[in-house]
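Working notes, structure below.
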Amino acid sequence: MFESPDWILWLYIAILGACLGSFANVVIFRLPAGLSVVRPGSFCWSCKTPIKFRHNIPILGWFWLRGKCANCKTSYSFRYPAVEILMSALFVAAFFRFGWSWTLLEALIFIFGLVTVSFIDLDHMILPDKFNLPGIVIGLLGAGLNPERQFLPALYGVLLGGGFLWAIAYLYAVIRKREGMGGGDIKLLAWIGAVLGWQSVPFVILVASLFGSVIGIGTMLWASRRKSPETE
9 MFESPDWILW
19 LYIAILGACL
29 GSFANVVIFR
39 LPAGLSVVRP
49 GSFCWSCKTP
59 IKFRHNIPIL
69 GWFWLRGKCA
79 NCKTSYSFRY
89 PAVEILMSAL
99 FVAAFFRFGW
109 SWTLLEALIF
119 IFGLVTVSFI
129 DLDHMILPDK
139 FNLPGIVIGL
149 LGAGLNPERQ
159 FLPALYGVLL
169 GGGFLWAIAY
179 LYAVIRKREG
189 MGGGDIKLLA
199 WIGAVLGWQS
209 VPFVILVASL
219 FGSVIGIGTM
229 LWASRRKSPE
239 TE
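Next comes the structure, spelled out in C-alpha cells:
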C-alpha cells in the first residue's frame, strides 16, 4: 500500500480539502452576517474565547474536544466536521477524476464555492452574489485559458442556464403577479453552465427538480404528521 509515494498526493489533497472545508465553515457563518471572514480568528461565539490552534485542526479538532468548547463547554454542531469531511472527500474524488491538470484546479474552486453557497442557502435561503458572479467570470476565464476546455460551450452554458431560469421566473411573475424565484438561483445555474458547459444544464435542472420535489414532499408529509392528532 505504501510502496509508492502516490498516497502522499492523495493525503495532501484530502488535507487541503479539509482545511478549505474549515474555512468554508467560517464563510458560511460570517458572510451572511456581514462579518469579516479573515478577522478575528476562530473563537467560541458563546464565551468569546479564541480557539487554540490544536483545537482548530480540521475534523480532528471537533472530535478532540468532543464537540464542545474547551472553555465554556458549549456544544458545537456536528455540521462543522461534516462540511470538512464532505469538502475533503469531494477534493479527493476530483483528483481521482482529473489528476494533476488545469481542470482539477477549476474543479476544486468550483467544489469549494458550490459547497459553501449550498450551506448558506440551507441556512438563510440566499445565494450570495459574492460567489455567483465571480463564479461565472472564473468559469468563463477557465474555459478560455484551459486547453482542456472550450469557451463557446461555457458561454452557451451561461446563456442557457441563466436564461432558462430567468424565463421561468419572468413567466411566473407575469402569471402570478409575484416573484417566484430569486435571482440567486438564476446566477447559480449560469455559474454551473459556465463551468460544466451547456450540455450539463438540462441534466442539472432535472436532478435539481427531482431533489426539490422529494424534499418538498417529505417536508409536507412531516409537517402534516406533526399537525395530526396523536392516535393510540
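Under this note's numbering, think of the first position of the sequence shown as 9, with each following residue one higher. Don't be surprised by glycine CBs; every beta carbon is placed ideally from N, CA and C.
For residue 88, the enclosing alpha helix (DSSP H) begins and ends at 87-106.
Rounded to the nearest whole angstrom, the CA to CA distance from residue 179 to residue 119 is 31 Å. A Cβ-Cβ separation of about 14 Å leaves residue 92 out of contact with residue 59 under the 8 Å criterion.
Linking residue 160 to residue 172 through their CA atoms gives a straight-line distance of about 17 Å. Secondary structure at residue 138: helix, using DSSP grouped into helix, strand and coil. The C-alpha of residue 201 lies about 46 Å from the C-alpha of residue 80. Counting only residues of its own chain and dropping the five nearest sequence neighbours on each side, residue 100 has a CB closer than 8 Å to the CB of 18, 21, 22, 25. Closest in C-alpha terms to residue 212, from the list 228, 225, 193, comes 193.
Your pair residue 144 and residue 195 checks out as a contact, with CB atoms roughly 7 Å apart and the cut at 8 Å. Put simply, the backbone Cα of residue 168 is about 25 Å away from that of residue 102. Here residue 81 carries a coil assignment [DSSP, helix/strand/coil].
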